[in-house]
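Worksheet: one structure, shown below.
Protein chains: 2
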Amino acid sequence: MGRCRGNAWWQGRFRGCGYRVTAGREIILDALTKTDKHLSAEDIYLSVKKSCPGIGLATVYRTLEILVEMGLVLKFDFGDGRARYELAEGPNKEANHHHHLICAGCKRVIDYTDFIEDEVELLRKTEKGLSEKYNFDIKSHVIQFYGLCEKCKTK
Amino acid sequence: MGRCRGNAWWQGRFRGCGYRVTAGREIILDALTKTDKHLSAEDIYLSVKKSCPGIGLATVYRTLEILVEMGLVLKFDFGDGRARYELAEGPNKEANHHHHLICAGCKRVIDYTDFIEDEVELLRKTEKGLSEKYNFDIKSHVIQFYGLCEKCKTK
DNA sequence: CCTCTATTGATAATGGTTCTCATTATCAAT
DNA sequence: ATTGATAATGAGAACCATTATCAATAGAGG
Ligand SMILES: [Mn+2]
Ligand SMILES: [Mn+2]
Ligand SMILES: [Zn+2]
Ligand SMILES: [Zn+2]
Numbered sequence: 417m418g419r420c421r422g423n424a425w426w427q428g429r430f431r432g433c434g435y436r437v438t439a440g441r442e443i444i445l446d447a448l449t450k451t452d453k454h455l456s457a458e459d460i461y462l463s464v465k466k467s468c469p470g471i472g473l474a475t476v477y478r479t480l481e482i483l484v485e486m487g488l489v490l491k492f493d494f495g496d497g498r499a500r501y502e503l504a505e506g507p508n509k510e511a512n513h514h515h516h517l518i519c520a521g522c523k524r525v526i527d528y529t530d531f532i533e534d535e536v537e538l539l540r541k542t543e544k545g546l547s548e549k550y551n552f553d554i555k556s557h558v559i560q561f562y563g564l565c566e567k568c569k570t571k
Numbered sequence: 417m418g419r420c421r422g423n424a425w426w427q428g429r430f431r432g433c434g435y436r437v438t439a440g441r442e443i444i445l446d447a448l449t450k451t452d453k454h455l456s457a458e459d460i461y462l463s464v465k466k467s468c469p470g471i472g473l474a475t476v477y478r479t480l481e482i483l484v485e486m487g488l489v490l491k492f493d494f495g496d497g498r499a500r501y502e503l504a505e506g507p508n509k510e511a512n513h514h515h516h517l518i519c520a521g522c523k524r525v526i527d528y529t530d531f532i533e534d535e536v537e538l539l540r541k542t543e544k545g546l547s548e549k550y551n552f553d554i555k556s557h558v559i560q561f562y563g564l565c566e567k568c569k570t571k
């Protein structure tokens with residue numbers, strides 16, 4: 417057996433999907449785990465480059481693609497022309513599901529979970545109704561509110 | 417007074433915003449009015465080119481930008497790498513608001529309004545709560561369900 | 001170690017969108 | 001109807017996030 421790279425929670429899942437565990441993939445997932453921001457591919461690239469200077473931007477994109485496909489990471493479009501990524505689940509983020517408030521002024525993105533309970537209730541009803549009516553198998557949803565944040569609404 | 421170009425419902429609003437009424441803008445808005453599809457800029461360009469061969473793609477983009485800014489047209493990202501546009505309101509589409517089901521298999525987009533009543537109720541509550549808690553002025557929302565349509569779920 | 005091959009980094013290519021600029025069209029004032 | 005100020009346009013270049021290419025490298029089972 418080759419040198420062991422550790423036993424982080426995600427590695428089993430990773431190997432189970434037939435993917436190899438590499439230094440690049442480890443550090444990219446680390447970067448996403450260590451922040452609550454909504455990082456772009458380039459954000460991640462620059463962040464990861466500090467402790468892994470040789471990494472290429474293409475590897476970041478390729479890894480993110482895999483992570484999204486596996487459901488470990490969520491990919492969003494907040495309207496600024498680049499994709500944003502966020503850890504979907506993890507060691508400390510088991511029940512991380514939330515929705516977004518997006519400021520049209522400063523482009524800030526606010527995570528909120530405050531009203532999730534009621535929403536989840538309605539979503540369950542809506543998804544059930546839609547599934548039956550359109551015979552559509554719902555896998556995920558995107559709920560985003562656009563407007564002006566505290567600072568931008570006064571200008 | 418120059419040749420009158422008609423008195424379509426939108427022209428007053430257009431001039432009121434300081435924009436000139438042009439043949440290109442008229443025909444682009446026509447194209448959006450005459451369909452219930454979710455057209456890309458290039459879709460519109462090709463469609464409009466048939467009755468206005470000289471039009472340029474840049475004009476389509478510029479016009480769409482204005483229409484979105486004015487709130488006459490909605491811009492969506494369904495994850496296929498290009499923006500999609502849809503008439504927000506119009507002569508026959510006063511209460512056109514709806515949400516989307518997006519098939520990850522065939523990329524088909526289904527408009528639905530069936531369960532809007534309950535959703536509208538929850539949205540009102542949620543928006544009120546969020547506005548107060550985050551002092552955020554909500555202007556619009558995007559609600560999309562992703563999954564597999566009738567045809568794609570069996571494969 | 002050894003082999004097989006998935007992964008990687010550098011870089012070119014792609015493709016949707018935006019920008020530039022000389023020309024044209026709109027429209028309020030004549 | 002004509003004019004003049006300037007907004008709008010078309011052609012094409014530029015931009016830039018994302019993908020594809022490919023030779024070199026590294027993961028993992030034996
Ligand atoms: Mn978030
Ligand atoms: Mn629609
Ligand atoms: Zn703001
Ligand atoms: Zn489908």
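Chains as they are written, first to last, in the numbering used here: chain A, 417 to 571; chain B, 417 to 571. Glycine residues also receive a C-beta, built at the ideal position from the N, C-alpha and C atoms. These figures come from a predicted structure and were not determined experimentally.
Item, Value
"C-beta neighbour in chain B for LEU488 (chain A), strict 9 Å", "no"
"CYS433 (chain B), buried or exposed, once every other Cβ within 10 Å from all chains shown has been counted against 16", "exposed"
"Start-end ranges of the alpha helix (DSSP H) lying completely within the region 517 to 555 of chain B, minimum 4 residues", "532 to 550"
"Cβ pair count under 8 Å reaching 3, the region 490 to 498 of chain A against the region 514 to 528 of chain B", "no"
"Residues within the region 543 to 565 of chain B neighbouring chain A, beta-carbon criterion of under 9 Å", "GLU543, GLY545, LEU546, SER547, LYS549, TYR550, ASN551, PHE552, ASP553, ILE554, LYS555, SER556, HIS557, VAL558, ILE559, GLN560, PHE561, TYR562, GLY563, LEU564 and CYS565"
"Cβ of ASP432 (chain A) within 9 Å of any chain B Cβ", "Before going further, note that residue 432 (chain A) is Gly rather than Asp in the sequence given. No, its Cβ sits nowhere closer than 9 Å to a Cβ of chain B."
"Presumed contact (8 Å Cβ cut-off) between GLY440 (chain A) and ILE460 (chain A), rounded CB distance", "With a Cβ gap of about 11 Å, GLY440 (chain A) and ILE460 (chain A) do not count as contacting."
"Selected residue, minimal CA-CA separation from GLU458 (chain A), among A:ALA474, A:GLU543 and A:ILE526", "A:ALA474"
"Cutoff 9 Å: GLU535 (chain B) Cβ touching any chain A Cβ", "yes"
"Reference ARG429 (chain A); option with closest CA among A:MET486, A:ASP496 and A:ASP553", "A:MET486"
"Minimum Cβ-Cβ distance from ARG429 (chain A) to chain B less than 9 Å", "no"
"Beta carbon proximity, ASP496 (chain B) to chain A, threshold 9 Å", "no"
"Chain-ordered chain A contacts of ALA520 (chain B) [CB-CB under 8 Å]", "LYS555"
"Own chain residues within Cβ distance below 6 Å of SER463 (chain A), not counting five before or after", "ALA447"
"Member of A:SER556, A:ALA424 and A:TYR528 whose CA lies at the smallest distance from the CA of LYS453 (chain A)", "A:TYR528"
"Cβ neighbour criterion (16 or more within 10 Å) applied to TRP425 (chain B)", "exposed"
"Assigned secondary structure, VAL437 (chain A) (DSSP; H/G/I helix, E/B strand, else coil)", "coil"
"Contact with chain A by TYR528 (chain B), beta-carbon distance below 9 Å", "yes"
"Check your reading: residues with Cβ closer than 6 Å to ligand 2 heavy atoms", "B:HIS454, B:GLU502, B:HIS514, B:HIS516 and B:ASP527"
"DSSP three-state assignment for ARG498 (chain A), whether helix, strand or coil", "coil"
"Bridge partners - SER456 (chain B), DSSP secondary structure assignment", "B:ARG500"
"Residue-chain proximity (LEU538 (chain B), chain A), Cβ-Cβ < 9 Å", "yes"
"Closer than 9 Å to chain A by CB, MET417 (chain B)", "Unreliable placement is indicated for MET417 (chain B), whose pLDDT of 37 sits below 50; the coordinate value is still reported in the next sentence. Not closer than 9 Å to any Cβ of chain A, the Cβ of MET417 (chain B) fails to qualify, so no."
"Where LEU488 (chain B) sits in the DSSP three-state scheme", "coil"
"Span separating the alpha-carbon of PRO469 (chain B) from that of VAL525 (chain A)", "42 Å"
"Chain B residues whose Cβ lies nearer than 9 Å to that of LEU517 (chain A)", "LEU546, TYR550, PHE552 and ILE554"
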